[in-house]
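Structure below.
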């Protein structure tokens, strides 16, 4: 069951993404700065806002695991099993990304992808019909904001749209678990 959200809030977020803008939005982990993960110019705006090293890749969010094959050349079967049994948000780094903006993909061709489980975020991705970049809502090197209230004004003012949904949730949120998986299905934890 979906938690209700303001339809205008969803519409504004979608229009911003479609126009190549960047949004500040809640995810199943911490608040993120996002954009169309297939649009290199939009991705560039996030690097500029965060002051992030261009050698550092960002993660991408999908609405469901069926979308994985559209953005990864070879999805090992174990990835689907890991996603299914994960009891907390799980980002998996896959080899050989495809159909994504080149500047969102790591220099070695890998990409971190999380199948999101958050009512607003999941609906946003389903309606946008493309993956969305998700990077922590902070200037590179600063502490990660664990809820909306902790996000610096510089970030709030630097995006094209700030999602209203979830702003009053003051609980502390954590970043996802990160695993790297290779084509053979062998995996290792990068962050637990």
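Residue numbers (UniProt numbering): 1 to 192. No residue lacks a Cβ here, since even glycine has one placed at the ideal position from N, Cα and C.
The segment 41 to 52 makes no contact with the segment 62 to 78: fewer than 3 CB pairs, one atom from each, lie closer than 8 Å. With a 10 Å radius around the Cβ and a threshold of 16 neighbouring Cβ atoms, residue 91 comes out buried.
When the five nearest sequence neighbours on each side are left out, the beta carbons in the same chain lying within less than 6 Å of the beta carbon of residue 75 are those of 68 and 69, in order along the chain.
Under DSSP, the beta-bridge partners assigned to residue 24 are 33 and 162.
As the crow flies, the alpha-carbon of residue 58 is around 7 Å from that of residue 133.
By the Cβ rule, the segment 95 to 103 does not count as touching the segment 21 to 28, because fewer than three pairs are nearer than 8 Å.
Rounded to whole angstroms, the gap between the alpha carbons of residue 8 and residue 73 is 36 Å.
Apart from the 5 residues on each side of it in sequence, residue 38 sits with its Cβ closer than 8 Å to the Cβ of 99, 100, 101, 130 and 131 in its chain, given in chain order. CA-to-CA, the gap between residue 157 and residue 184 works out to about 44 Å.
Here residue 13 is near residue 161, since their CB atoms are less than 8 Å apart. Straight through space, the alpha carbons of residue 178 and residue 190 are spaced by roughly 5 Å.
The alpha-carbon separation between residue 107 and residue 56 amounts to approximately 8 Å.
In this model, residue 45 and residue 155 are separated by some 12 Å (Cα to Cα). In this structure, DSSP gives residue 181 an extended state, which the three-state scheme calls strand. Between residue 95 and the set 117, 89 and 105, the nearest pair of CA atoms involves 105. Secondary structure at residue 127: helix, using DSSP grouped into helix, strand and coil.
Of the residues 122, 124, 126 and 170, the one whose Cα lies closest to the Cα of residue 145 is 170. For residue 42, the number of other beta carbons within 10 angstroms of its own is at least 16, and it is reported as buried. If the five residues before and after residue 115 are omitted, its C-beta is found closer than 7 Å to the C-beta atoms of 62, 64, 65 and 83, all from its own chain and listed in chain order.
Note on geometry: alpha-carbon atoms of residue 20 and residue 6 lie some 22 Å from one another.
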